[in-house]
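Here's the structure we're looking at; comments come further down.
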Amino acid sequence: MTPSQRQFAASLAVVSSLLAAPAGWAADRLAAADAAMLKDIAQANIAEVESGKIALDKSSDAEIKKFAKMMVDDHSKGLSDVKTLAAAKGTELPAGPDAKHKAVALEFKALSGGMFDSRYVKQAGVGDHEATEKLLKKTQSEAKDADLKALAGKMLPVVQTHLQHARTLEAGMARK
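Numbered per the working numbering, the sequence shown spans residues 2 to 177.
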């Protein structure tokens with residue numbers, strides 16, 4: 002092989018690898034349904050962090066403040082895990098709460114005392130965790146991406162613990 006043939010072959014190899022790269026990158030990208038589930042999981046974590054911060058500020062109940070602190074801490078960690086996976090898979094996540102959760106935050110900010118505590122536990126504690134548990138189970142069974150399934154599997158026991166805790170808080174409030 003002459004020097005010019007070697008250079009041509011090397012150039013051809015570089016061009017071929019560059020043309021093939023997007024196909025390889027696409028293999029790491031999520032299917033649309035998987036990306037939507039990942040975005041929903043991100044949204045759930047964002048909402049729990051935001052509502053937990055509101056509860057830390059507004060509630061005077063020590064148990065609810067403890068629960069809210071756990072929500073902020075655990076869901077901040079969950080959101081970090083979601084962001085890591087999204088970055089690896091080339092999926093853009095929402096930067097903040099969606100319209101539904103913004104409306105709930107406004108409602109929470111307008112309430113105080115026992116009304117706030119009751120609504121926070123019912124909505125963010127029980128309702129949102131029931132929805133998130135359902136989402137994570139759906140992700141485990143329907144997602145195509147193994148990493149996304151693994152993330153859902155990692156998050157599910159945490160969400161189930163939160164849900165049980167919220168139900169206990171709700172039951173305690175009903176007895177008061």
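Note that beta-carbon positions come from the ideal geometry of N, C-alpha and C, so glycine has one too.
Contact annotation: the stretch 36-53 touches the stretch 128-145, with at least three C-beta pairs closer than 8 Å.
Per DSSP, the continuous alpha helix (DSSP H) segment holding Gly115 begins and ends at Gly114 to Tyr121. Under the three-state reduction of DSSP output, Leu94 falls in the coil class, being neither helix nor strand. Taking the Cα of Ala33 as reference, the smallest distance to any Cα among Gly91, Ala96, Val127 and Tyr121 is reached at Gly91. With distances taken between CA atoms, Glu64 lies nearest to Asp118 out of Ala132, Asp118, Lys145 and Val83.
In the three-state reduction of the DSSP assignment, Asp75 falls in the helix class.
In this structure the stretch 161-175 touches the stretch 65-78; the number of beta carbon pairs closer than 8 Å is three or more.
Per DSSP, the continuous alpha helix (DSSP H) segment holding Asp129 begins and ends at Asp129 to Glu143.
Ranked by Cα distance from Glu131, the options Ala106, Gly154, Lys103 and Thr162 are led by Thr162. Counting only the Cα atoms, Val127 lies some 20 Å from Ala111.
Straight-line spacing of the CA atoms in Arg120 and Phe109 works out to 8 Å.
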